[in-house]
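Peer 1:
Number of protein chains: 4
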Amino acid sequence: MIDFEIKPEQMNIEQLGPARIDNPTIKGNVCCFIHETDRVLYEDVVDHTTDNASTLVTQVSMERAGPREKIYFDPSKTRAGIVTCGGLCPGINDVIRAVTIALSRIYGVRHIYGFRYGYEGFLAQFGHDVIELNPEVVDGWQETGGTKLGSSRGPQPTSDIVDCLERMGINILFVVGGDGTLRGGADIYDEVKKRNLKISVIGIPKTIDNDLMFIDESFGFQTAYEAAVQSLICAHIEAKGAYNGVGLVKLMGRHSGFIACSAALAMSDVNFVLIPEVPFTLEGEDGFLRALHRRLETRHHAVVVVAEGAGQEFMDAVNATDASGNKKLQDVGVFLRDAISDYMKKENVSHSVKYIDPSYIIRSVPANAADGVYCLQLGHDAVHAAMAGKTNLVVGRWHGLNVHIPIRVATMRRKVVDPTRPLWRSVLESTGQMRWFNE
Amino acid sequence: MIDFEIKPEQMNIEQLGPARIDNPTIKGNVCCFIHETDRVLYEDVVDHTTDNASTLVTQVSMERAGPREKIYFDPSKTRAGIVTCGGLCPGINDVIRAVTIALSRIYGVRHIYGFRYGYEGFLAQFGHDVIELNPEVVDGWQETGGTKLGSSRGPQPTSDIVDCLERMGINILFVVGGDGTLRGGADIYDEVKKRNLKISVIGIPKTIDNDLMFIDESFGFQTAYEAAVQSLICAHIEAKGAYNGVGLVKLMGRHSGFIACSAALAMSDVNFVLIPEVPFTLEGEDGFLRALHRRLETRHHAVVVVAEGAGQEFMDAVNATDASGNKKLQDVGVFLRDAISDYMKKENVSHSVKYIDPSYIIRSVPANAADGVYCLQLGHDAVHAAMAGKTNLVVGRWHGLNVHIPIRVATMRRKVVDPTRPLWRSVLESTGQMRWFNE
Amino acid sequence: MIDFEIKPEQMNIEQLGPARIDNPTIKGNVCCFIHETDRVLYEDVVDHTTDNASTLVTQVSMERAGPREKIYFDPSKTRAGIVTCGGLCPGINDVIRAVTIALSRIYGVRHIYGFRYGYEGFLAQFGHDVIELNPEVVDGWQETGGTKLGSSRGPQPTSDIVDCLERMGINILFVVGGDGTLRGGADIYDEVKKRNLKISVIGIPKTIDNDLMFIDESFGFQTAYEAAVQSLICAHIEAKGAYNGVGLVKLMGRHSGFIACSAALAMSDVNFVLIPEVPFTLEGEDGFLRALHRRLETRHHAVVVVAEGAGQEFMDAVNATDASGNKKLQDVGVFLRDAISDYMKKENVSHSVKYIDPSYIIRSVPANAADGVYCLQLGHDAVHAAMAGKTNLVVGRWHGLNVHIPIRVATMRRKVVDPTRPLWRSVLESTGQMRWFNE
Amino acid sequence: MIDFEIKPEQMNIEQLGPARIDNPTIKGNVCCFIHETDRVLYEDVVDHTTDNASTLVTQVSMERAGPREKIYFDPSKTRAGIVTCGGLCPGINDVIRAVTIALSRIYGVRHIYGFRYGYEGFLAQFGHDVIELNPEVVDGWQETGGTKLGSSRGPQPTSDIVDCLERMGINILFVVGGDGTLRGGADIYDEVKKRNLKISVIGIPKTIDNDLMFIDESFGFQTAYEAAVQSLICAHIEAKGAYNGVGLVKLMGRHSGFIACSAALAMSDVNFVLIPEVPFTLEGEDGFLRALHRRLETRHHAVVVVAEGAGQEFMDAVNATDASGNKKLQDVGVFLRDAISDYMKKENVSHSVKYIDPSYIIRSVPANAADGVYCLQLGHDAVHAAMAGKTNLVVGRWHGLNVHIPIRVATMRRKVVDPTRPLWRSVLESTGQMRWFNE
């Protein structure tokens, strides 16, 4: 069940105008087009003994993504732009490539522009060039991590961005970014509407933390926790290489511990997973340090994974924010490393803490195979949505099917690890970490 | 919509008897138990303009997997066995390990037996030993591909198997295998029931081809197509290394082309994907060979992926079957390699075909991170189901949640690539292969 | 000791003419230039009790490679060409890139041409284009296996090739290829000399089999056996996955079993290594099949590695050669697979043979780190040699230092695995294969 | 030429006593034994125009490693121990495994003990257990990084160690470690000799920094710089992902920049390599910061690699040492990251520095294929040396052949990158870093 109030009609998708042009689908492609009325239920768990089954049909649902029989934009006259914002995440280049290929090969759009270094790329003052994209240019981009367009954090004046879009005659803007970026996209949509322009704004949600509601898993997330596993293996090796060795790894996750949880399940020798969603105490008989101590007494090594947003309450809060407006977090990894060392010294425990902070080595790897497939399908469906004249939406995957979600709905809340759901249960089952607490 | 008739009640799960023992869940684990009445809808795509929305609540649904508040078996007296059958698939060792860990650490079961070399392991005549499993024994198994228990193809007499289970006092049998193996498990269940024994039979479906109904993706499938991508990259390199070079790769997929499709999407330089579900002609203006010829004339290299079950109609059928009863397929890879060479020679096209058959190098790799997480959760939920006294079921994942499916329902039909659904559409969009046919 | 007669003076390097131009070495590079008289001894093992120590100083030695203080060609007027021939091998693109970068960045040469598809690229009749190379064009090439220039097998008329060089005003030709290709380079040198042209011909020896005399290890060899290890691991997993499972892998090595030996040492679960240099019998009490049988009786699985050139005597010889003039070998892998199956059936041994032929997946991978460094240094030193006006030489590595070897000397004999030297000893020590023979 | 005085006789190897027992070489192994008088020249570069050629035969040379026809220890009565000390390095487990296999399988030694956690393992007060090693126990160890025996830093009282060896009846001690550890081994040898014991002390030199004289490359070094390449790729991706992005990577290398140099050559997009052997200034027109600034002005991104021992002079020296007695270095990575940021802010350059410190993720990876082969051969030859009754030596590789070097000679000096030799020249050629300095 969705845990905050949202009305089914909030899930309706905006349309720039009637779609009247036949979809020039690839020759010989007999695939059925997607019906406009097809929707995917948000909730598909029923309990026939309660009343949720009967109310299900009036529930929140999302429009299915995919090619429509009729499109809105005339491909021969369409000019599209794409911009990538915020931190790196595996798969961005796959998405850029997929959007370019779909526009060019499937629809025949000839003018595709890559704006450089995030929203800065729309403002003349920064002097960044614009890259013309076509299938030859993006050839092989999917083999490389990062973003070939470059990125930057933080917003730029919406009005200036829309000036640029108007000046360049852009009809479709693809925005690849996290919640801040996407909200910026919604602002662009508002300004476009105010000016009565016919520009489609399509978001492709990028969050390595996998913290977006209404999306099974964000692209790059699987690759990210797969990359994180390498660091966990190294931490395990280091931990076992020393008497009372502790391998401590800080993983991404400002508010949501998905990477920490999934990586710990994938590499099942982790002993403690600390995430922002599940508070813990540090000191005292029930605290983490004593629990770690018990583990060392018994097994003489331990692997600890901490999400970057965990344990913030233990550190002096600093009210700083970064350029994207994200609250600046204290470094819980360094804090814990020192806290563990101090505690063990105090307790006279010969020990060795090896601390690993692999974030830049995780977020810059190329997409793995599953993310590669996912990014390709996201990019294609973003183009299908745009060409059909839809706007103000993000393309995401729900229950294995691509869907459309209004931008402001998609960014309304953050998805977090629910301690009562299977993921966290699996973490507790796999790590067995509770046995070391309050033993 | 499910495309064959099945009644909702066919999805009901058998129970050996009332579950009356408190679940000794891991200390401090506050996770909610799964309600017995929670179910996951088979279909979650609705169309409010038709009548399917209103009928949805009476639709087919599956019981949710996970720990129950009460269990049936007394862990201190429970003896469990596990057997792995059929061909190798990434993740088998992960599953064996997860089952062992869950039985031992979560429930405290002390007698866990690994039967060796598939169903042969139950029969004295083969002389295979039985391995006692516990967390120390299975430590690190997930890092290795294949099956540490060994496997074999084909059935053994059900009665002899149940004799063995009785003799050893086994209460729970976990069967890891494909549809033949699982049907063998259902036969064991029937025999067990006939003898009025209280033995739970739990299937964990293994099919590298991803061809099981009622399951999002089978474990190991993602890893398999990820491994296949390496061969596609090599085929591409080989193809470009020679003038009119053709890289031809045969991938697994006896009846279902999922690996071929997904690998081709993940490595997006594939030009032709041939699968059993989409017939094609070989000769003539509209045939594959002429299409490949057109591609070479334009681009001077090509990458072709063929699923092993494709194009069987071109070869002399042989009515042989292997030990598992699978129809023996002719080698379409070798056939195509020769057919391409013959055609090109006839057409006087200087060319070079490099043929790669990577099957053993795909199926024996260790599970990747996502499959690792999946196998761990499958294994744990298989144990939860068994301990709760459920039987005659397989554990699978549907729409991202683990569920229980009666064995005979799960093996009723084969899942195939539907040419009207997004996967095949993406393949056509990505390869652009239709443009070379009947140009 | 070198085991065939060669006179020290045969190692002298040809020079096109006096080098009079100051070497425009990179700014700030204080590195010493290489003295023309510096040489690396062929043999550095001495035995002071015999007379070899005293004769050492008159021994065969090779000229050291590297930048000279004076160069022969004026970079601003120099036009260079590069061609890649024969089968793929890891590192070819690294070499092309290194040659391009060194010519362009170190020396300032502005005209660099990549000839396509081997020696075919010089002949108008094939219609292949020529690629202009510069640092931007070759950017990132080292990340990809194969050859971006394309390749072909077999010679083309020397006279036509030199016509092309003259017509295009080429001053330096880099030839990347195996012994056939290099002999072709020597022929080009002869023709160039006959015509009294000032064209430097520099060979960069490529042989994945590592079978060139006077070279520690050929580039790509390490990467190749590293890639082969993956197949050995899979073969091992497959072997253990079945009762009496046999994992059989055929590796490259037409006349020299270096890849088979090194891969078997790197993945130390191999039980039998069969190479062309060490004959064995198949049948009988002392034969390989009986030895394999003994192994299965004891351990119930086995991993066998066979080099493609081994056991040719067991098959009907066919006097065919491929386009490069290499004798066409019978497929010993398929032969052995069938021979093992036939034998085991005859002996009534339940068994399972899994045969893997990974050659195309080995030779097309990108160079690993060590080969990357090696290719870069080979490419740079090839350019240093050429710019200094040297010709008719190959650049290789001896005892860890790059050296110059006259082409015809380098291709005089094939290097083979010496059964009395440490490599084969290590194979016997590691596999313990002798214990299964004539037990 | 060796650049410090050493007399040829200093290279002589100690022998515990006459070797009179026939070497029970593996059955059927016809390999020649190594002659006691075979030696490998230290220097093999000659210049016939100077007098070095004639003096070569009286030069320093090393005894060849390998099996001898006669051995000193009776395998049936031999007890061997092995200990691993200092920081992790790829290949340690390979070495442990190779030593165990060679003792057990080649010679038939039945008592092999693994001492845990470095030299601590010999002292009762630490309470560490001793692991009995045999081929079954070490099976698969080579697939894992780190050391299965555990390690610790720093010496323990030599007398106590030898007491332990006497008490346990150890005849051969294999010591795997860096220069401190090896000197500890030499101390053990001295004490053993003083007590007139017949215990062979064999060192297997482990230094991830590759800074040991008389050794081509130390084991694990290739793997280490290969692992480092991953971080360089990520740094490059991060650098290009932001406007004026700087990817800064700190690599191991306390006194020797070999890893930094080799990794930068293997991943040829590095722009600056800073090593301890080549001093640089930070500030001013000729300083590194200005050079980096120039690079950003032109190319808008840069990748910088710094060895941990570089630039120590810029930081306040602290006279601390770690438990091994190594001088504690200030963290040049963090220092440079801040110095770059401060400079760029001062110069009003919009920029972004991404700092990566991958050391624990490098040193704990498993050995790659080449290091796997190397470790296996080192381990076998260490056993051959010990069984022959040799002592007080390390086994290393010189010019591609394994040799014996007296421990105190091997640890006499540190090997450093010579700025006048090919390695550093290649770094300058590849990075082109000099062009940004004093332009």
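Protein chains in written order, with my numbering: chain A, 1 to 439; chain B, 1001 to 1439; chain C, 2001 to 2439; chain D, 3001 to 3439. Glycine residues also receive a C-beta, built at the ideal position from the N, C-alpha and C atoms.
So what's residue 2212 (chain C) in DSSP terms, helix, strand or just coil?
Peer 2: strand
Peer 1: Hey, out of A:49, A:80, A:212 and A:44, whose CA is closest to residue 414 (chain A)'s CA?
Peer 2: A:212
Peer 1: Against residue 2032 (chain C), what residues of chain D qualify as contacts under a CB-to-CB distance less than 9 Å, listed in chain order?
Peer 2: Under the 9 Å cutoff, chain D gives 3420, 3421 and 3425.
Peer 1: List, in chain order, every chain D residue whose beta-carbon is nearer than 8 Å to that of residue 230 (chain A).
Peer 2: 3361
Peer 1: Go through its chain and collect everything with a Cβ distance to residue 3233 (chain D)'s Cβ below 7 Å, but skip five positions before and after it.
Peer 2: Closer than 7 Å at the Cβ level, and outside the excluded window around residue 3233 (chain D), lie 3267.
Peer 1: Cα separation between residue 2023 (chain C) and residue 177 (chain A)?
Peer 2: Straight-line Cα distance between these residues: approximately 51 Å.
Peer 1: Using the Cα positions of residue 3335 (chain D) and residue 3426 (chain D), report the straight-line distance between them to the nearest angstrom.
Peer 2: 27 Å
Peer 1: For residue 2088 (chain C), go through chain B and note every residue whose CB falls closer than 8 Å to its CB, in chain order.
Peer 2: In chain order, 1237, 1238 and 1241 make up the part of chain B whose C-beta sits under 8 Å from the C-beta of residue 2088 (chain C).
Peer 1: Against chain D, which members of the region 2263-2274 of chain C pass a CB distance test of less than 8 Å?
Peer 2: 2263, 2265, 2266, 2267 and 2268
Peer 1: Look at the alpha carbon of residue 1155 (chain B) and the alpha carbon of residue 1175 (chain B), and state the distance between them as a whole number of angstroms.
Peer 2: Approximately 12 Å between the Cα atoms of the pair.
Peer 1: Taking Cβ positions only, does residue 1113 (chain B) come closer than 8 Å to chain C?
Peer 2: no
Peer 1: I want to see whether chain C comes within less than 8 Å of residue 1256 (chain B), judged by CB atoms only; does it?
Peer 2: no
Peer 1: How about residue 3010 (chain D) and residue 3406 (chain D): do their beta carbons lie closer than 8 Å?
Peer 2: yes
Peer 1: Closer than 8 Å by beta-carbon distance: list the chain B residues that pair up with residue 226 (chain A), in chain order.
Peer 2: 1368, 1369 and 1370
Peer 1: At a Cβ threshold of 8 Å, is residue 1462 (chain B) touching chain C?
Peer 2: This structure gives no information on residue 1462 (chain B), because the portion of chain B shown stretches from 1001 to 1439.
Peer 1: How far does the beta strand (DSSP E) with residue 1428 (chain B) in it reach, from first residue to last?
Peer 2: Per DSSP, residue 1428 (chain B) belongs to no beta strand (DSSP E); it is in the alpha helix (DSSP H), 1422-1431.
Peer 1: Kindly indicate if chain B contains any beta-carbon less than 8 Å away from that of residue 2354 (chain C).
Peer 2: So, interface residue.
Peer 1: Kindly confirm or deny that the region 3352-3363 of chain D and the region 3233-3245 of chain D touch, where touching means at least three C-beta pairs closer than 8 Å.
Peer 2: Taking 8 Å as the limit for Cβ pairs, the verdict is that the region 3233-3245 of chain D does touch the region 3352-3363 of chain D.
Peer 1: Where does residue 3155 (chain D) fall in DSSP's three states?
Peer 2: coil
Peer 1: Which of the three DSSP states, helix, strand or coil, is assigned to residue 252 (chain A)?
Peer 2: coil
Peer 1: Kindly indicate if chain A contains any beta-carbon less than 8 Å away from that of residue 3341 (chain D).
Peer 2: At a cut-off of 8 Å, the C-beta of residue 3341 (chain D) has no neighbouring C-beta in chain A.
Peer 1: Looking at the structure shown, is residue 2132 (chain C) part of a helix, part of a strand, or coil, going by DSSP?
Peer 2: strand
Peer 1: Report yes if the C-beta distance between residue 102 (chain A) and residue 395 (chain A) is below 8 Å; otherwise report no.
Peer 2: no
Peer 1: Any contact of the region 3219-3227 of chain D with the region 3361-3369 of chain D, i.e. 3+ C-beta pairs under 8 Å?
Peer 2: Taking a cut-off of 8 Å on C-beta distances, the region 3219-3227 of chain D touches the region 3361-3369 of chain D, as three or more cross pairs fall below it.
Peer 1: If we count Cβ pairs, one from each stretch, closer than 8 Å, do we get three or more for the region 3135-3143 of chain D versus the region 3082-3097 of chain D?
Peer 2: yes
Peer 1: Residue 2174 (chain C) bridges to which residues according to DSSP?
Peer 2: C:2082 and C:2202
Peer 1: 8 Å is my cut-off, CB to CB: does residue 984 (chain B) come that close to chain A?
Peer 2: Within the shown structure, residues of chain B are numbered from 1001 to 1439, placing residue 984 (chain B) beyond reach of any answer.
Peer 1: Any beta-carbon of chain B closer than 8 Å to the one on residue 301 (chain A)?
Peer 2: no
Peer 1: Thinking C-beta only, is residue 1081 (chain B) closer than 8 Å to residue 1381 (chain B)?
Peer 2: No, these two residues do not count as a Cβ contact at 8 Å.
Peer 1: Using the beta-carbon of each residue, which ones in chain B are nearer than 8 Å to residue 2152 (chain C)?
Peer 2: The contacting residues are 1242 and 1243.
Peer 1: So, helix, strand or coil for residue 1039 (chain B), using DSSP?
Peer 2: strand
Peer 1: Does the Cβ of residue 1298 (chain B) have 16 or more other Cβ atoms within 10 Å, making it buried, or fewer, making it exposed?
Peer 2: exposed
Peer 1: Report the rounded CA-to-CA distance for residue 3021 (chain D) versus residue 2230 (chain C), giving the unit in angstroms.
Peer 2: 41 Å
Peer 1: So residue 1099 (chain B) is in the alpha helix (DSSP H); what residue range does that whole segment cover?
Peer 2: 1092-1101
Peer 1: What residue from A:344, A:83, A:313 and A:163 has the CA that sits closest to residue 244 (chain A)'s CA?
Peer 2: A:344
Peer 1: So residue 3302 (chain D) is in the beta strand (DSSP E); what residue range does that whole segment cover?
Peer 2: 3301-3307
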